[in-house]
Amino acid sequence: MNERSDMDRVLRHWFADGPSEMPDRVVDTVADRIGRQRQRRPWRLPWRPIDMNSAIKIGAALAAVLVLAVAGWNLLPGGSTGVGGGPSPSPSPSPTASPTHSPSPTPRSAGMVVQQKTISWTAKLPANWGNEGWFVTPSQGPGGPTGIAVAAPGAVYVPSDPCDGVGKEPDAKTPADVVAALRSRTDLVVSNVIDATLDGHTGKRVDIQAPADLSACADLYIIMAEPSGAGFHVQGPSQKIRMWIVDVDGQPMVFQINSFAATPPDDMAAAQRIVDSIAITP
């Protein structure tokens, strides 16, 4: 068997494994590319013969045509990728959701009356503070041991007897008169008396501490009283009262923060912000 017939048989067997037909557009594309493709000079390796026999050249040429045909088929629009009918589109990136921020609670404005008076006041309250008419307080309420409240009791008469809930017509004409009456009570610790202003109204600020033992009174332990019996009484042992006594239209008015030693600092800070926001309407 000669060398050429052996090569022909090998090539026929090789082509028999592949497709027997090729689409016309592939043939046209391959022919077009072969006609325009610049030929590269072959590398000449020193250990390989320069001259090749014609059968090997024919086989190499046919192999090159087949490679170009396959490459051309894959390059055609809509060509098969081997899986499905065409190239799968790249998935579009999912938009990243912007982080949401919970808005900070906006303080709400609440209006209150001064007890037994025609004067009213408004203040900006935090979300957890409730309006009780003449005072405001958070969820734990005004009582001890951790309670707190911002109040305007209206009463400015300081009875000498803490158990006497019915006062008399107050004779105090100025904030300084009220401070003097508080200092006259031996059961109260009165300190840090300073000049102060609240919503443009001038007066005094004073710190008061109630006694730890309230058993002297069977009912209410009174700090300030009105003729009708209304006023302000202690909410628990050793209660602290920071009091602003300011002049409003020629008469003393009382606004205060009531707290205890165990009142949370955050509540104390919130109470001070409420006082700073007070607007008084005579």
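Each residue of the sequence shown is one higher than the one before, starting from -18 at the first, in my numbering. Glycine included, C-beta positions come from ideal geometry on N, C-alpha and C.
Check whether the stretch 222 to 236 and the stretch 88 to 107 are in contact - that is, three or more C-beta pairs closer than 8 Å.
yes
State yes or no: is the C-beta of A136 within less than 9 Å of the C-beta of G212?
yes
Hey, how far is the Cα of P156 from the Cα of L179?
Their backbone Cα atoms lie some 12 Å apart in a straight line.
In whole angstroms, what is the alpha-carbon distance linking Q301 and G217?
The chain is shown from -18 up to 263; residue 301 falls before or after that span and cannot be answered.
If you run the structure through DSSP and keep just helix, strand and coil, what is D176?
DSSP places D176 in strand when its eight states are reduced to three.
Roughly how many whole angstroms lie between the Cα atoms of N109 and P119?
So the two alpha carbons sit approximately 5 Å from each other.
DSSP-derived helix/strand/coil call for P208:
coil
Comparing alpha-carbon positions, which option in A250, I238 and T244 lies nearest W115?
I238
Between the Cα of S101 and the Cα atoms of T183, A199, H214 and V229, which residue gives the shortest distance?
The option with the nearest alpha carbon to S101 is V229.
How big is the Cα-Cα spacing for M205 and Y138?
5 Å
Just curious, the beta strand (DSSP E) that I222 is in, first and last residue?
K221 to V229
Measure the alpha-carbon distance for A161 versus R89 and round it to whole angstroms.
36 Å
With 16 other CB atoms within 10 Å as the buried threshold, where does A244 fall?
Note that residue 244 corresponds to Thr in the displayed sequence, not to Ala. T244 should be labelled buried.
Secondary structure of V256, DSSP reduced to three states:
Helix, per DSSP.
By the 10 Å Cβ neighbour count, where 16 or more other Cβ atoms means buried, how is S196 classified, buried or exposed?
exposed
Determine, using beta carbons only, whether K185 and V170 come nearer to each other than 9 Å.
no
Alpha carbons only, please: which of R166, L106 and A132 is nearest the one belonging to Y202?
R166
At which residues does the alpha helix (DSSP H) containing P156 begin and terminate?
Segment P156 to R164, the alpha helix (DSSP H) holding P156.
E150, buried or exposed, once every other Cβ within 10 Å from all chains shown has been counted against 16
exposed
Identified DSSP bridge partners for D188:
Looking at the DSSP assignment, D188 forms a beta bridge with S172 and R223.
Is it buried or exposed for V215, if we count other Cβ within 10 angstroms and need 16 for buried?
buried
Taking C-alpha atoms, which residue in P126, L106 and D176 lies nearest to K221?
Of P126, L106 and D176, the residue nearest in Cα terms is P126.
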